[in-house]
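Residue numbers (the working numbering), protein chains in the order written: chain Z, -18 to 395; chain C, 25 to 304; chain L, 8 to 301; chain R, 7 to 379; chain A, 386 to 621.
Structure record follows, encoded as structure tokens.
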């Protein structure tokens, strides 16, 4: 019955196999062409006025896009301002951007492409898991490797060993996140807290752990410790327990997964209107249910307010410029981009214009309260992620997030 | 053994048909030889497909199994080969109780079968199909190869050995199906409608192939086909099933003349005139 | 008393997956093919709820239904018509591919952040407080699914089209011989599949308002696991299987100690494997009902 | 002589594709070389999938579990012990201190993959059809969950970094070649021939005395071993691994490759793996902008996955057996022409002459099982 | 005037198996015609080809119009009903549901020859077992329901495939009585039987089919050369 059909299929198949082979050869050729023609020319290291190339291997497609892209956009604005005012000792800063789409092999080959296109500094995605294939390429080539907003202290020797000395993140360490949340609760007189940890990422666990330690040290009391894992369908049960724990505030360490609004919705509708407090990862407000009774009394820490009311005129100006370009940032993390550029420039200047990664890294490691748009930045041999930088505290009232205050986490280990 | 075939209510016109069958039967040690099923009943969803049917076949003997559509022929073959699950009664192979053995296990004990519509491995060549018959029961690749080559030569199939079976005519496929089963050097061979869908010419060819294959293997054979003539010609002894019961049993020419058999096929009432004219 | 709320929660998650299973089971019933892309129908339905967030709730839900049915039918025409007669596994793989492509489309169209649907969020408020925390949405889930199942059963057993669907599911060929217009039956199966997808979209977004690109895929994968677990051959068994997976997952979540909760997926899927090994044809398929085809 | 020629072609076809990719890849820029290595490694995974799926006809969604186990084992034990102890303080002692060479890690990964798949297979290989698909998917979920959250056996939810990058173009090509040779050699064993027979017709296979379970288990184990091996190549290609990288996305991508190439033949697996791998790399580049001569083509971000998915759907609808028709390399040309085909009954013109009455043939014959209740 | 049904050199092949080599026959309005022959002769395939349920070559003309390309459901709506071999009731559905499905193909605006009352009268068991699951009925009862289901479409032609298969002699008698009644209201019958004798006597015209070809045509229910019939079945 299907003879004529199968005959048809066969001829299609024959053609299909041929086509595939032809396509492969065409694409191989095209890729050859691409590799020679795309990142223009070989870098000249001789000319004093040659640009400083920052190779950015980031995600412009997938789940890291909301973090990576605004940070890069802001960084490019910062770079163009620096370039406009004469550059770094007359050299311009140029970004070469590669979209890794969070595909591991692509992340690695993009980084290699960036290096071979003459990048002296590697700029990577804001998630250390996704960025590692690129980071390791940077470290292997002894390049200064910068992530604008990785929020764990893994960006550095702790994960990458001695080679990791060249890796820095301009995000805040989770220790800081935890500490500032503890301070927020104490400052507002919320002496008891329920701590809810999403076990999905180590970052969340770290924030909540540091919060609990610091909170106890400051005289607070953790009433109960709860946890779930994003996607395991237990979030509403956990929310019920949290809502009924009787604590003055709920601290939730997670990110903007579907389980976050589910949690908030469940807690609020169970009649618990007490503050819900979270780290920078929940910044943005886009995830909030538009019901004002639910999206209220929610607090979080961040780098900058994206709600138009940041106290820093510099940040407001930068935001305005981004909005004008149609690149309005979603979270305050975008300021880490220009901050990183400023840090890089400072290091290069201190190194007398050298782009040697080891040298730049040695300088950057000694940063102590280096002024950036995001506030003072400090690193140390233990922390290649920013600690002690002041946070913006945002409160969401009836669906309207707004800036409340600036809080500085105490020195770590206090 | 002799008492196995003469079951109670079956009309045994042959009288002596239950005596030890084919001339080629090997001498049996004791009474436990042969492939024997006794008092087998099978029911599907309340409908009785087989009702206390007993059947035996010895090495070297060809037992034909005929009966109208729905008489229970294939069900009986499934019982023997282990493909039918709801069974009362028992199946013995050379004295061993195999009633609860899986088809694979039975095959490895030397009980092979073919299937309606061949069920060849259609993507493979003729030789590969035949080799698989041998390979499936412990032969090494090399010996399977030589078994297959010898069989294909003996059965006159060598010229198509390297063709994919899907390209063969239906008749040739049936030949291969028989060859594949014989390649396992079975002790007993169950042939399920090998002539289905064949023209008369191809049927004659198939008959030749089957006869050669039987001689080749020395196996005891149970042959089902709805072409009565085909079965009668090839069988030493014929069992007639109708409504899940044994209706008659005996040598081919007796069965051909049996009035009950004719009426089973042509209809109960008013058959007398036909039968009468046949008897003349 | 917390076991009461655990039980009720488990039932409500169970019925959601039961609904997901219905949309897979209906199509499988008439075509013997698996439609994994039904998850993307749910996702689009959920996105449509977000896109119509300015409209009255009833209008929003109505549009969601229309969108889901339309998309379900589009999949029918584009994928299942050319694949008529292909095996269940072939269609599973094809719709798997389609799902992935569509998920990438949602990513492009709606972005990775997800969009919040706030419709009916008041349903999350409690009916009973105290140790038995029972929320309206739980009741609504059970009630709405109950109504849907009842409606479906009524349609299947009381209407002409339902009768035709049952006949087709039981014996495709004979159904044609008595004059059942198969194309119409298939169309209706996809329509009901679309409607159940819409219902899932509405119910799930009430509790978990953020619609992300993988919204539907996550649901359908577990739904399909349930369908196969229950016995894909029969709509009732498939639905019950979906229910069981949701129910067991939720109940395990309540029972497993806090520290071990990260291993909940492992436990749930171990349960799935055990059931499949013991009852390969499905948990609710009577033993010995598979007759070897010879 | 034909059969021997066919045998040579069956092995030479896939191997020459490996050589082509490796040589062409080496000629490209250093970044594109990375992509070429990735094509080779991915093709190795596809070959591993093929060994089970292709030969048994049972769809497994769980083979990436074995890739994951191989990748983590090989990665963990080759990463520097010093950082292991600081970044993964919870590891079992022997995991924290044992150090093996990269070559050893490849062997170990293959062994672990084989052991793990053997154990899983003991439980699962009696299943077939959709049940097998779902059960193997459950294995993937379980493996992912355990690897992500049991931080005594690995990095848990964080990345395993600092794995030596040793999968060069040569290693990738040799590794892929080894997998192909193993798959080829296995394909011609008695066990595999019986398994392939059972794929074509399980009932007839049973009737011939073939133990489908046993031969499936053998295939599953070999496939698991190759998958573990491929996992080790993978981790040594990237230099790092996290659980999300060896989960559903990779499962989808490699299955798509197998299906598009043609699941039933080694040639199909290799062609699909390499072909889609190259297409994938091309699309990735295209999202960054690619020059076609003087024209610069830039795909919208995210289109890569859309195109791959649609490609898979379209290929399966047009050619359900993949672009190779699930035939081995040059099989159509090296097998005998249909000499006696249809000798018994010359149809006298094709069926196209008679208009079809039933629009869907496969449904036209009532299937008995559907009426059983 | 055109015959109700005409098969013109009908041929059916399944892959490489030739089921029907060449069948040419006619069925006139209100006439009973049977196809007899041994198992595997191609009888069932002929009926399925008439319904458009298997691919065929040659032509099938209904009231002089070709039905080429029409699907089974379309044929059903044109007034052809079929009782398939093995009855094929919807086993899990009630008798009433099975019968309701039979009415799907009733044509609008046509003077009804057969309605539910007529059928209930013909098969008293229908009233008795209307709500019972069809699968629970005995073989004979199932056969009655299957015929009733086909009749309820009020067809011009009914195709019956081995209605006596597996039935006791008493039940077979009942089937032929029913067929007599059906013919009585002017419905044409194309009957396939393996057990030939009874069918040949019943029908106005009979064809003995063997090996996919018509070997013998018998008119008027009397067999002039019984030996030929026997040979068709048993060979020489």
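Yeah, the Cβ is synthetic: ideal placement off N, Cα and C, and Gly gets one too.
The structure displayed is predicted, hence computed values, not measured ones.
- Taken through DSSP and simplified to helix, strand or coil, residue 273 of chain R comes out as helix.
- Only those residues of the stretch 404 to 426 of chain A whose C-beta falls short of 8 angstroms from the nearest C-beta of chain L would be listed, and there are none.
- Not one beta carbon of chain R lies nearer than 7 angstroms to the beta carbon of residue 89 of chain C.
- Shown here for residue 15 of chain L: same chain residues with a beta carbon closer than 7 angstroms to its own, the five before and five after excluded, namely 141, 145 in chain order.
- Here residue 67 of chain R has 139, 142, 143, 146, 257 as same chain residues with Cβ atoms under 7 angstroms from its own Cβ, once five neighbours each way along the sequence are excluded.
- Apart from sequence neighbours up to five positions away, the residues of its chain that approach residue 226 of chain C with a beta-carbon distance below 6 angstroms are 195, ordered along the chain.
- In this structure, residue 310 of chain Z keeps its C-beta atom at 7 angstroms or more from the C-beta atom of residue 216 of chain L.
- In the DSSP assignment, residue 199 of chain L falls within the unbroken alpha helix (DSSP H) covering 189 to 214.
- Residue 224 of chain L: member of the alpha helix (DSSP H) spanning 222 to 237, first to last residue.
- For residue 444 of chain A, the uninterrupted beta strand (DSSP E) segment begins and ends at 442 to 447.
- When the five nearest sequence neighbours on each side are left out, the beta carbons in the same chain lying within less than 7 angstroms of the beta carbon of residue 313 of chain R are those of 289, in order along the chain.
- Contact of residue 260 of chain L with chain Z is assigned, a C-beta pair being separated by under 7 angstroms.
- DSSP places residue 105 of chain Z inside the beta strand (DSSP E), whose first and last residues are 102 to 105.
- Residues of chain L with a Cβ closer than 7 angstroms to the Cβ of residue 202 of chain Z do not exist, since the nearest Cβ in that chain sits about 19 angstroms away.
- Taking C-beta atoms under 8 angstroms as the contact rule, residue 595 of chain A and residue 423 of chain A qualify, at a distance of about 6 angstroms.
- By the Cβ-count criterion, residue 341 of chain Z is buried, with 16 or more other Cβ atoms from all chains shown falling within 10 Å of its own Cβ.
- Residue 221 of chain R sits in a helix when the DSSP states are folded into three classes.
- Taking C-beta separations shorter than 7 angstroms and ignoring five residues to either side along the sequence, the partners of residue 125 of chain C in its chain run 106, following chain order.
- Contact with chain Z is found for residue 217 of chain L, since one of that chain's Cβ atoms lies less than 7 angstroms from the residue's Cβ.
- Residue 228 of chain Z is outside the set of residues whose beta carbon lies under 7 angstroms from a beta carbon in chain R.
- Per DSSP, the continuous beta strand (DSSP E) segment holding residue 419 of chain A begins and ends at 417 to 421.
- Under DSSP, residue 130 of chain Z forms no beta bridge with any residue.
- Interface with chain R (7 angstroms Cβ-Cβ cutoff): residue 104 of chain L is included.
- Closest in C-alpha terms to residue 235 of chain Z, from the list Z:282, Z:390, Z:224, comes Z:282.
- Nearest CB-CB separation between residue 308 of chain Z and chain R: not below the 7 angstroms threshold.
- Within the DSSP bridge table, the entry for residue 175 of chain Z names Z:205, Z:231 as partners.
- Distances from the CA of residue 185 of chain C to each of C:244, C:149, C:64, C:240 were compared; the closest alpha carbon is that of C:149.
- Secondary structure in the stretch 328 to 364 of chain Z: the beta strand (DSSP E) runs of 3 residues or longer, each lying completely within the stretch, are 351 to 353, 356 to 358 in chain order.
- By the beta-carbon neighbour count (other beta carbons within 10 angstroms, threshold 16), residue 199 of chain C is buried.
- In the DSSP assignment, residue 281 of chain Z falls within the unbroken beta strand (DSSP E) covering 279 to 283.
- Under a 10 Å Cβ-count criterion, residue 289 of chain C is classified as buried, with 16 or more other Cβ atoms of the shown protein chains found around its own Cβ.
- By the C-beta criterion, the stretch 205 to 217 of chain Z is judged not to be in contact with the stretch 160 to 173 of chain Z, since fewer than 3 inter-stretch pairs fall below 8 angstroms.
- Relative to the Cα of residue 133 of chain Z, the nearest Cα in the group Z:368, Z:378, Z:389, Z:381 belongs to Z:368.
- Burial check for residue 292 of chain Z: the Cβ neighbour count within 10 Å stays below 16, so the residue is exposed.
- Contact of residue 280 of chain C with chain A by beta-carbon distance below 8 angstroms involves 619.
- Among the CB atoms of chain R, one or more fall inside 7 angstroms of the CB of residue 142 of chain Z.
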